[in-house]
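Enquirer:
Residue numbers (the working numbering): -8 to 130.
Shown next, in the form of C-alpha coordinates:
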(Lines of atoms letter the chains of each structure in order from A and count residues from 1; the text may use other names and numbers.)
(Lines give C-alpha, C1' and ligand atoms only; values in the text may rest on other atoms or scores of the structure.)
Protein backbone atom coordinates (compact mmCIF):
# COMPACT_ATOMS: atom_id res chain seq x y z
CA UNK A 1 0.00 0.00 0.00
CA UNK A 2 2.82 2.41 0.82
CA UNK A 3 4.48 1.44 -2.44
CA UNK A 4 1.55 2.94 -4.39
CA UNK A 5 1.77 6.23 -2.48
CA UNK A 6 5.52 6.44 -3.14
CA UNK A 7 5.07 5.82 -6.86
CA UNK A 8 2.27 8.40 -7.01
CA UNK A 9 4.50 11.03 -5.42
CA UNK A 10 7.29 10.16 -7.85
CA UNK A 11 4.95 10.39 -10.88
CA UNK A 12 3.55 13.74 -9.79
CA UNK A 13 7.06 15.08 -9.20
CA UNK A 14 8.14 13.95 -12.67
CA UNK A 15 4.97 15.49 -14.13
CA UNK A 16 5.73 18.85 -12.55
CA UNK A 17 9.36 18.85 -13.65
CA UNK A 18 9.07 17.36 -17.16
CA UNK A 19 9.02 19.17 -20.46
CA UNK A 20 5.91 19.25 -22.61
CA UNK A 21 6.22 16.02 -24.60
CA UNK A 22 3.33 14.42 -26.45
CA UNK A 23 2.37 10.76 -26.54
CA UNK A 24 1.05 9.99 -30.03
CA UNK A 25 -1.40 7.12 -30.51
CA UNK A 26 -2.53 6.26 -34.04
CA UNK A 27 -5.79 4.34 -34.33
CA UNK A 28 -7.26 3.88 -37.83
CA UNK A 29 -5.72 7.05 -39.30
CA UNK A 30 -6.77 9.10 -36.27
CA UNK A 31 -4.03 10.55 -34.12
CA UNK A 32 -4.56 11.03 -30.42
CA UNK A 33 -2.07 13.40 -28.83
CA UNK A 34 -1.77 13.20 -25.06
CA UNK A 35 0.47 15.52 -23.13
CA UNK A 36 3.02 13.61 -21.09
CA UNK A 37 2.16 15.77 -18.09
CA UNK A 38 -1.53 14.89 -18.36
CA UNK A 39 -0.68 11.20 -18.79
CA UNK A 40 1.44 11.33 -15.61
CA UNK A 41 -1.39 13.02 -13.71
CA UNK A 42 -3.86 10.40 -14.96
CA UNK A 43 -1.49 7.61 -13.92
CA UNK A 44 -1.18 9.25 -10.48
CA UNK A 45 -4.97 9.39 -10.11
CA UNK A 46 -5.31 5.78 -11.30
CA UNK A 47 -2.67 4.51 -8.87
CA UNK A 48 -4.13 6.56 -6.01
CA UNK A 49 -7.50 4.92 -6.68
CA UNK A 50 -5.89 1.47 -6.45
CA UNK A 51 -4.01 2.57 -3.31
CA UNK A 52 -7.33 3.72 -1.82
CA UNK A 53 -8.82 0.30 -2.55
CA UNK A 54 -5.91 -1.41 -0.75
CA UNK A 55 -6.22 1.07 2.15
CA UNK A 56 -9.95 0.32 2.47
CA UNK A 57 -9.29 -3.42 2.38
CA UNK A 58 -6.64 -3.00 5.09
CA UNK A 59 -9.02 -0.98 7.29
CA UNK A 60 -11.80 -3.56 6.83
CA UNK A 61 -9.28 -6.21 7.96
CA UNK A 62 -9.75 -8.34 4.86
CA UNK A 63 -6.78 -10.69 4.50
CA UNK A 64 -5.56 -10.86 0.91
CA UNK A 65 -3.32 -13.49 -0.63
CA UNK A 66 0.16 -12.00 -0.50
CA UNK A 67 1.61 -13.32 -3.77
CA UNK A 68 -1.43 -12.16 -5.76
CA UNK A 69 -1.08 -8.71 -4.22
CA UNK A 70 2.62 -8.58 -5.13
CA UNK A 71 1.99 -9.74 -8.73
CA UNK A 72 -0.85 -7.22 -9.12
CA UNK A 73 1.23 -4.36 -7.75
CA UNK A 74 4.31 -5.13 -9.85
CA UNK A 75 2.46 -5.62 -13.13
CA UNK A 76 0.34 -2.50 -12.59
CA UNK A 77 3.46 -0.39 -12.01
CA UNK A 78 5.39 -2.02 -14.89
CA UNK A 79 2.44 -1.57 -17.27
CA UNK A 80 2.07 2.07 -16.24
CA UNK A 81 5.77 2.74 -16.81
CA UNK A 82 5.69 1.07 -20.23
CA UNK A 83 2.61 3.08 -21.17
CA UNK A 84 4.14 6.37 -20.09
CA UNK A 85 7.60 5.68 -21.54
CA UNK A 86 7.26 3.11 -24.33
CA UNK A 87 10.41 1.40 -25.50
CA UNK A 88 10.59 -0.05 -28.98
CA UNK A 89 11.28 -3.70 -28.28
CA UNK A 90 10.85 -4.67 -31.92
CA UNK A 91 13.44 -3.20 -34.27
CA UNK A 92 11.92 -1.96 -37.54
CA UNK A 93 13.47 -0.51 -40.64
CA UNK A 94 13.18 3.29 -40.85
CA UNK A 95 12.49 4.66 -44.30
CA UNK A 96 14.15 7.82 -45.52
CA UNK A 97 12.01 10.91 -45.08
CA UNK A 98 9.91 9.49 -42.25
CA UNK A 99 10.29 10.57 -38.63
CA UNK A 100 12.32 8.48 -36.19
CA UNK A 101 9.23 7.33 -34.31
CA UNK A 102 9.25 3.53 -34.02
CA UNK A 103 6.51 2.00 -36.13
CA UNK A 104 5.45 -0.55 -33.51
CA UNK A 105 5.09 1.99 -30.70
CA UNK A 106 1.28 1.81 -31.00
CA UNK A 107 1.40 -1.94 -30.51
CA UNK A 108 3.47 -1.52 -27.38
CA UNK A 109 1.12 1.18 -26.03
CA UNK A 110 -1.91 -1.04 -26.62
CA UNK A 111 -0.18 -4.04 -25.02
CA UNK A 112 0.78 -1.95 -21.99
CA UNK A 113 -2.80 -0.68 -21.68
CA UNK A 114 -4.15 -4.23 -21.99
CA UNK A 115 -1.72 -5.34 -19.28
CA UNK A 116 -2.86 -2.54 -16.97
CA UNK A 117 -6.56 -3.24 -17.50
CA UNK A 118 -6.22 -7.03 -17.55
CA UNK A 119 -4.20 -7.24 -14.34
CA UNK A 120 -6.98 -5.45 -12.45
CA UNK A 121 -8.97 -8.69 -12.71
CA UNK A 122 -6.36 -10.13 -10.33
CA UNK A 123 -7.30 -7.47 -7.77
CA UNK A 124 -10.97 -8.44 -8.03
CA UNK A 125 -10.11 -12.14 -7.68
CA UNK A 126 -7.92 -11.40 -4.66
CA UNK A 127 -10.67 -9.36 -2.98
CA UNK A 128 -13.21 -12.13 -3.69
CA UNK A 129 -10.93 -14.81 -2.26
CA UNK A 130 -10.21 -12.61 0.75
CA UNK A 131 -13.90 -12.10 1.44
CA UNK A 132 -14.93 -15.73 1.07
CA UNK A 133 -11.90 -17.37 2.62
CA UNK A 134 -12.39 -18.87 6.06
CA UNK A 135 -11.07 -16.65 8.80
CA UNK A 136 -8.59 -18.19 11.20
CA UNK A 137 -10.03 -17.96 14.67
CA UNK A 138 -7.81 -16.61 17.38
CA UNK A 139 -8.12 -18.59 20.63
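Ideal placement from N, C-alpha and C gives every residue a C-beta, glycine not left out.
Alpha carbons only, please: which of 51, 65, 100 is nearest the one belonging to residue 118?
Expert: Residue mapping note: residue 118 aligns to position 127 of the chain shown, counting from 1. Closest by alpha carbon: 51.
Enquirer: So which of 34, 25, 112 has the shortest CA-CA distance to residue -3?
Expert: As a position in the chain shown, residue -3 is number 6, starting the count at 1. Out of 34, 25, 112, 34 has the C-alpha closest to the C-alpha of residue -3.
Enquirer: Would you call the stretch 18 to 27 and the stretch 58 to 71 in contact, with 3 or more CB pairs under 8 angstroms?
Expert: Short answer: they don't touch.
Enquirer: For residue 107, which of 97, 121, 74 has the nearest alpha-carbon?
Expert: Walking along the chain shown from the start, residue 107 turns up at place 116. That would be 74, whose Cα lies nearest to the Cα of residue 107.
Enquirer: Taking the C-alpha atoms as reference points, what is the distance between residue 57 and residue 21?
Expert: As a first step, residue 57 is located in the chain shown; it is residue number 66 there, counting from the start. As a first step, residue 21 is located in the chain shown; it is residue number 30 there, counting from the start. If you take the alpha carbons of residue 57 and residue 21, they lie about 42 angstroms apart.
Enquirer: When DSSP labels each residue in this structure, what does residue 25 get in the three-state scheme?
Expert: For this step, residue 25 is matched to residue 34 along the chain shown. In the structure shown, residue 25 sits in a strand (DSSP, three-state: E or B).
Enquirer: What residues are listed by DSSP as bridge partners for residue 115?
Expert: Stepping through the chain shown from its first residue, residue 115 is reached at position 124. According to DSSP, which records beta bridges pairwise, residue 115 is partnered with nothing at all.
Enquirer: Does the beta-carbon of residue 109 have 16 or more other beta-carbons within 10 angstroms, so that it is buried, or is it exposed?
Expert: Locating residue 109 in the chain shown gives position 118, where the first residue counts as 1. Classification for residue 109: exposed.
Enquirer: Is the beta carbon of residue 113 closer than 8 angstroms to that of residue 63?
Expert: Taking the first residue of the chain shown as 1, we reach residue 63 at position 72. Taking the first residue of the chain shown as 1, we reach residue 113 at position 122. In this structure, residue 113 lies closer than 8 angstroms to residue 63 by Cβ.
Enquirer: Is the beta carbon of residue 53 closer than 8 angstroms to that of residue 100?
Expert: Residue mapping note: residue 100 aligns to position 109 of the chain shown, counting from 1. Residue mapping note: residue 53 aligns to position 62 of the chain shown, counting from 1. In this structure, residue 53 does not lie closer than 8 angstroms to residue 100 by Cβ.
Enquirer: What does the alpha-carbon distance come out to for the pair residue 60 and residue 45?
Expert: Translated into the one-based positions of the chain shown, residue 60 becomes position 69. Translated into the one-based positions of the chain shown, residue 45 becomes position 54. So the two alpha carbons sit approximately 9 angstroms from each other.
Enquirer: Measure the C-alpha to C-alpha separation of residue 120 and residue 38 and round it to an integer number of angstroms.
Expert: Within the chain shown, residue 120 is the residue found at index 129, counting from 1. Within the chain shown, residue 38 is the residue found at index 47, counting from 1. Taking the straight line from one Cα to the other gives about 22 angstroms.
Enquirer: Cα separation between residue 136 and residue 19?
Expert: Any property of residue 136 remains undetermined from this structure, which presents the chain solely from -8 to 130.
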